[in-house]
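Enquirer: For reference, the structure I am asking about is given below.
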Amino acid sequence: MKRIVTVKEISIGEGAPKICVPMVGSTLAALTEEAEFLATADLDLVEWRVDFFDHVEDLEKVKEALSEIRAILDNTPLIFTFRSRKEGGEKEISTQYYFELNKVMAESGQIDIVDIELFNDETEIKNLISAAHDHEVYVIISNHDFDKTPDKEEIINRLRKAQDLGGDLPKIAVMPESPTDVLTLLDATNTMNEQYAITPIITMSMAGKGIISRLAGEIFGSALTFGAAKRTSAPGQVPVTELRRILSLINSNL
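Numbering (the working numbering), first residue to last: 16 to 269.
Structure (structure tokens):
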């Protein structure tokens, strides 16, 4: 039976896909304002995209900002994500610092989920997963392809690898060039969900062409979707109020 990931009473992998909204402030003041706004929004999780933060290379300032965010979003599940430039992020940092940053924050007691990119050293990934789990932090293992949509088998292989490494929430986001690419992503999601997944999975086809994948996850097997409140962190994110209405409409008809 497939596992459900429950974080602060939000059950990922059960019912309609859960809605996550990114925080992309570059300063502590901007992040505080953003967190206060999100505290009133109709969402399920918040993702702090720390690669947008001006002081991301200063661990103490990251910890300070995280404490401020956590105080405002006390009961909201919080994902900590540094997205590398090669996967669509804002900055590049050394591999050593990437793992140190994620490990320190996973051990801080202030986050609920940490995002680790799949295309890293497997030993480093497993060590970080172990540290996260020791502190009751779940792990997304993610891959983002902003250039193309891989074929169905490759999408499934990446999701299975993320799962095999010990990820609690395998995730893939791909860029479509045609409607056929969107169908490829949905087909791969459905096959992964039905044949291989033992955890909830997160998949999406980006930009305007892929918008259906952000809305119809419950049908094909994706358990979480990303919406926008003020600013987007990836192309194709739907405003959160509209997203909730559409997800509820689909869920009520299944």
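Note that beta-carbon positions come from the ideal geometry of N, C-alpha and C, so glycine has one too.
Since the model is a prediction, treat every value here as computed from it, not as a measurement.
(1) For I34 versus D59, is the C-beta distance shorter than 9 Å?
(2) If you draw a straight line from the C-alpha of A212 to the C-alpha of A50, how long is it?
(3) With I27 and L200 assumed to form a contact (beta carbons below 8 Å), what rounded beta-carbon distance in angstroms separates them?
(4) Using three-state DSSP, classify I25 as helix, strand or coil.
(5) With hydrogens ignored, establish whether the beta-carbon of F235 is closer than 8 Å to any heavy atom of the ligand FAD.
(6) Rounded to whole angstroms, what is the Cα-Cα separation between M207 and E29?
(7) Distance check for V152 and Q178, CA to CA, integer angstroms please.
(8) Considering S228, what are the terminal residues of the alpha helix (DSSP H) in which it resides?
(9) For L133, collect the residues of the same chain with a Cβ closer than 7 Å to its Cβ; drop the 5 residues on either side in sequence, then sort them by chain order.
(10) Considering only C-alpha positions, which residue in the set V65, S228, V189, N266 is nearest to I170?
(11) Using alpha carbons as the reference points, say which of A244, Q252, N268 lies closest to A56.
(12) Using the rule of at least 16 other Cβ atoms within 10 Å of the residue's Cβ for burial, across every protein chain shown, is I19 buried or exposed?
(13) Measure the C-alpha to C-alpha separation of K224 and L198 and round it to an integer number of angstroms.
(14) In the DSSP output, which residue or residues are listed as bridge partners for H150?
(15) Let's test the definition: count the other Cβ atoms within 10 Å of the Cβ of T164 and tell me whether it reaches 16, buried, or not, exposed.
(16) How about D160 and I187: do their beta carbons lie closer than 9 Å?
(17) Quick check: what's the CA-CA separation for I234 versus K23?
(18) Looking only at its own chain, which residues have a Cβ that is under 7 Å from the Cβ of D162, when we skip the five neighbours before and after it?
(19) In angstroms, rounded to a whole number, what distance separates the CA positions of M221 and R100?
(20) Note down the Cα distance separating E105 from V119, rounded to an integer number of angstroms.
(21) Can you tell me whether D196 is buried or exposed? The criterion is at least 16 other CB atoms within 10 Å of its CB, across all chains shown.
(22) Below 8 Å on the Cβ atoms is my guess for I216 versus S237; work out the distance and round it to an integer in Å.
(23) What is the DSSP secondary structure of E75, counted as helix, strand or coil?
(24) Classify L264: buried if its beta carbon has 16 or more other beta carbons within 10 angstroms, exposed otherwise.
(25) Name the DSSP beta bridge partners of R64, please?
Expert: So, to answer that:
(1) Against a cut-off of 9 Å, the Cβ pair of D59 and I34 comes out as a contact.
(2) In a straight line, the C-alpha of A212 is about 33 Å away from that of A50.
(3) Here I27 is actually not in contact with L200; their C-beta atoms are around 19 Å apart, not less than 8 Å.
(4) Correct three-state label for I25: strand.
(5) Judged by which ligands are present, the structure shown has none, so any question about the ligand FAD falls away.
(6) Between the alpha carbons of M207 and E29 lies a distance of about 16 Å.
(7) Between Q178 and V152, the C-alpha separation is close to 16 Å.
(8) The continuous alpha helix (DSSP H) containing S228 extends over residues 226-230.
(9) Within the same chain, L133 has close Cβ partners I156, S157, N158, R173, K176, A177.
(10) It is V189 whose Cα lies nearest to the Cα of I170.
(11) Cα-wise, what sits closest to A56 is A244.
(12) Exposed, by the Cβ-count rule.
(13) Near 10 Å, if we compare the C-alpha coordinates of L198 and K224.
(14) The partner list for H150 (beta bridge, DSSP) is empty, contrary to what the question assumes.
(15) Counting of Cβ neighbours within 10 angstroms places T164 among the buried residues, the total reaching 16 or more.
(16) Yes, the pair counts as a contact, with Cβ atoms nearer than the cut-off.
(17) Approximately 25 Å between the Cα atoms of the pair.
(18) Excluding residues within five positions, the ones whose Cβ falls inside 7 Å are M190.
(19) Between M221 and R100, the C-alpha separation is close to 17 Å.
(20) CA-CA distance, E105 to V119, rounds to 21 Å.
(21) The residue is buried, with at least 16 neighbouring Cβ atoms inside 10 Å.
(22) Correct: roughly 6 Å between the Cβ atoms.
(23) The answer is helix: DSSP assigns E75 an H, G or I state.
(24) Exposed is the label assigned to L264, since fewer than 16 other Cβ atoms lie within 10 Å of its Cβ.
(25) Looking at the DSSP assignment, R64 forms a beta bridge with T96.
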